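For reference, the structure discussed in these notes is given below.
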Amino acid sequence: ALLSTSVLLCRAQGGKISYEVTDTDVIVRGPHFEVYISLTGGIRKYIVDDTTVLKDTAVYMWGPKWAGAGFTTYIGDVVKDPDIEMIEGGVRIITYARWNRPQYSHSLM
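In terms of my numbering, the sequence shown opens at residue 217 and continues consecutively.
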C-alpha cells in the first residue's frame, strides 16, 4: 500500500476564490477558472473560461524489477477528510489517501 498526502496550492489573480467539497472532489472556483481536486489526490479537471485544459493526473512509480502507474484521481481510498485553509489570495488543500491496487501495477521481471 502506498499512503500519500497531496498538497495543492491555488492562487487567484485579481479576484475572489471560493471552494466547495463534494463526495469526490474539492472544487476551487475563481472568476475565470475551476480546479477539481480529487479527494484521493491529484487534479481531476482544470477549467479556464469554460474550456477544460487538463483532465486526470497520474502517478508512475518504479523500483528494481517492478513498475506501476495509477490514476490517483479515482483509484485511491480516502483515509480522512481534507484539510482546507484559506490563505492570502488563495486556498491550501491537503488530501489524504491510500492506494493498494495491485491490478494497476505490473512486474518488469
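Glycine residues also receive a C-beta, built at the ideal position from the N, C-alpha and C atoms.
Just so you know, these numbers come straight off a predicted model, no measurement behind them.
Burial state of residue i (16 or more Cβ within 10 Å)
i, result
"Ser-254", "buried"
"Gly-246", "buried"
"Ile-303", "exposed"
"Val-269", "exposed"
"Asp-241", "buried"
"Gly-292", "buried"
"Thr-311", "buried"
"Val-251", "buried"
"Gly-305", "exposed"
Pair within 8 Å by beta-carbon distance, residue i and residue j
i, j, result
"Thr-256", "Val-307", "no"
Run of the beta strand (DSSP E) containing residue i, from where it starts to where it stops
i, result
"Thr-311", "306-315"
Backbone secondary structure at residue i - three-state DSSP
i, result
"Ile-303", "strand"
"Ile-263", "strand"
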